[in-house]
Amino acid sequence: MFDVLTYQKGGALLRMLEQYLGADRFREGVSHYLRVHSYNNTETSDLWDAIETSSSEPVRRIMDSWIWQPGFPQISATLAAGDSGVELTQQRFRLGETPDDAADQMWVVPVHVRNANTTVTVLLDSESIFVPLVDPATSVVINAGGHGFFRVNYDSTLRSRLTADLGEMSTLERYSLVDDAWAATVAGSITAPDLLQFLEGFSAEREHAVWQAVVSALNGLSRLVGDEARPTFESRVRNLVQPALDELDEPQADQSDLTAKLRGLLLKTAGTLGNDGLVIGLCRDLLKQPAGHLDPELVAAATSVVAAHGCVEDFERLQNGFLASSTPQEQLRQLYALAEFDDEALLLRACEFALSGKVKTQNAPFLLRLAMGNRRHGAAAWEFVKDHWDQANAEFPTNTIVRMVDPVKQLAAPELVADAAAFFAEHPIPQATKTLDQILERQRINAAFLARDGVVFGQSLAT
Numbered sequence: 005m006f007d008v009l010t011y012q013k014g015g016a017l018l019r020m021l022e023q024y025l026g027a028d029r030f031r032e033g034v035s036h037y038l039r040v041h042s043y044n045n046t047e048t049s050d051l052w053d054a055i056e057t058s059s060s061e062p063v064r065r066i067m068d069s070w071i072w073q074p075g076f077p078q079i080s081a082t083l084a085a086g087d088s089g090v091e092l093t094q095q096r097f098r099l100g101e102t103p104d105d106a107a108d109q110m111w112v113v114p115v116h117v118r119n120a121n122t123t124v125t126v127l128l129d130s131e132s133i134f135v136p137l138v139d140p141a142t143s144v145v146i147n148a149g150g151h152g153f154f155r156v157n158y159d160s161t162l163r164s165r166l167t168a169d170l171g172e173m174s175t176l177e178r179y180s181l182v183d184d185a186w187a188a189t190v191a192g193s194i195t196a197p198d199l200l201q202f203l204e205g206f207s208a209e210r211e212h213a214v215w216q217a218v219v220s221a222l223n224g225l226s227r228l229v230g231d232e233a234r235p236t237f238e239s240r241v242r243n244l245v246q247p248a249l250d251e252l253d254e255p256q257a258d259q260s261d262l263t264a265k266l267r268g269l270l271l272k273t274a275g276t277l278g279n280d281g282l283v284i285g286l287c288r289d290l291l292k293q294p295a296g297h298l299d300p301e302l303v304a305a306a307t308s309v310v311a312a313h314g315c316v317e318d319f320e321r322l323q324n325g326f327l328a329s330s331t332p333q334e335q336l337r338q339l340y341a342l343a344e345f346d347d348e349a350l351l352l353r354a355c356e357f358a359l360s361g362k363v364k365t366q367n368a369p370f371l372l373r374l375a376m377g378n379r380r381h382g383a384a385a386w387e388f389v390k391d392h393w394d395q396a397n398a399e400f401p402t403n404t405i406v407r408m409v410d411p412v413k414q415l416a417a418p419e420l421v422a423d424a425a426a427f428f429a430e431h432p433i434p435q436a437t438k439t440l441d442q443i444l445e446r447q448r449i450n451a452a453f454l455a456r457d458g459v460v461f462g463q464s465l466a467t
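The sequence shown begins at 5 in this note's numbering and counts up by one.
Take a look at the structure:
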């Protein structure tokens, strides 16, 4: 098998198994497997049996529960009555509605639980399990280390304790905490107002990976916000990112790549999602300077910010810059920024430019992809793509077509969900049937998320 499940899910499961057994026992199990089966063919179960023989743990039972059924679980953590421990409950994780047959799914899940600097490992092989705590009044980290292939959904008490104790968590644990919270919000377990309040607890965060998860969630929340509530949302975004942005200050010669990336990410977030006037002015000033003397991450961020607030002159400057650029990096930075303008007419000019013959066919699909992902005018770009579907299929590489239409999943208005389903029923993508099904499924999920949380989120910002 050579596919995403084999490599990505398979690799993640092996990592989880190694963390459960310990590196030494895992390594000895693999060595035993190689010795016993040298110069022979094997089946999947032979590897599990060899590791089980060396470790005396139920390896085959664990791994069979993951390999031979689809999906993965969500572990819900609830503070037990009397605060003596936590109740862990598993069920299949779904962003949308869970089908009836998923209720019978069960995994054998190695779960690392940390409390009061003590980590215990339990094997969750039933619907629920009780885990006693050393100090029930302090924070509890489920999936300690962040290596488990499952989502964690904390109850509000446990989640609030973690937010107050983020400094005691590793970078991967904090990243997972944010990523799981965003997934739970889309799935309906956490409300959008509660998620934003949770994210605001990360103002002291200084790791790029964690901020990537935070900004990804903020981008998702921004699609719920209408024009009336947007100024309040923008203000809260500015307040969240400003402390870290102020601390980073000017680029230094000895700064790490991750520090440079973090500065660029925060600058872009403040200027686009936060609509920070000072940042927008700074970005305009940055683009007036010779690019060779600037941090590339700042140039990339400034380009996006200026485009997001740009006019016709800005559009034409970026378009001409693309045509005159001498390096692929400069070309693509300015080309893709054309899809970020908050003006429908300019966005459609970007779409037309993609099919003008002046953009390589390897890049043009991704300009259209970004245009369809435009928060305010993506639907107009989608209409353009439909109208030019035959031309795109004739000119673009076959494997880019489904990647081009991926942002259709962000078009969450009910009429656009019906429109996409009808269009692809008549215009299938035979080389990527399953991927297209996944895009349309995620569009329905996002539509349900918007219908469920859109009005509530807007009202919470107005109060």
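Yeah, the Cβ is synthetic: ideal placement off N, Cα and C, and Gly gets one too.
These numbers come from a predicted model, not from an experiment.
For ARG96, no alpha helix (DSSP H) encloses it; the enclosing beta strand (DSSP E) starts and ends at 89-96. Under the DSSP assignment, SER80 falls in the beta strand (DSSP E) whose first and last residues are 77-83. In this structure the region 128-145 touches the region 76-95; the number of beta carbon pairs closer than 8 Å is three or more.
Take GLU238, set aside five residues on each side of it, and the residues of its chain with a beta-carbon closer than 6 Å to its own are GLY278 and ASN279, in chain order.
Runs of the alpha helix (DSSP H) lying entirely within the region 276-340 and spanning at least 4 residues, in chain order: 281-291, 300-312 and 316-328. The three-state secondary structure of PHE453, taken from DSSP, is helix. Relative to GLU22, the option among GLY149, ILE405 and PHE319 whose CA is nearest is GLY149. For ARG19, the enclosing alpha helix (DSSP H) starts and ends at 14-25. In this chain, the beta strand (DSSP E) harbouring VAL124 covers 122-128. According to DSSP, residue pairing for TYR158 in a beta bridge involves ALA81. A check of alpha carbon separations from SER35 across TYR24, ILE55 and LEU18 identifies ILE55 as the nearest. Residue pairing for HIS116: DSSP places it in a beta bridge opposite THR125. Separation of SER330 and LYS364 (C-alpha to C-alpha, rounded to the nearest whole angstrom) is 15 Å.
Its Cα nearest to that of THR57, the residue GLU32 stands out among HIS41, MET67 and GLU32. Taking a 10 Å sphere around the C-beta of HIS212, we find 16 or more other C-beta atoms and assign the residue as buried. When the five nearest sequence neighbours on each side are left out, the beta carbons in the same chain lying within less than 7 Å of the beta carbon of PHE427 are those of LYS390, in order along the chain. Comparing alpha-carbon positions, the option among LEU244, PRO432 and VAL156 lying closest to THR273 turns out to be LEU244. By the Cβ-count criterion, THR467 is exposed, with fewer than 16 other Cβ atoms from all chains shown falling within 10 Å of its own Cβ. With respect to the C-alpha of ASP410, the residue from ALA398, GLY382 and PRO418 having the closest C-alpha is GLY382.
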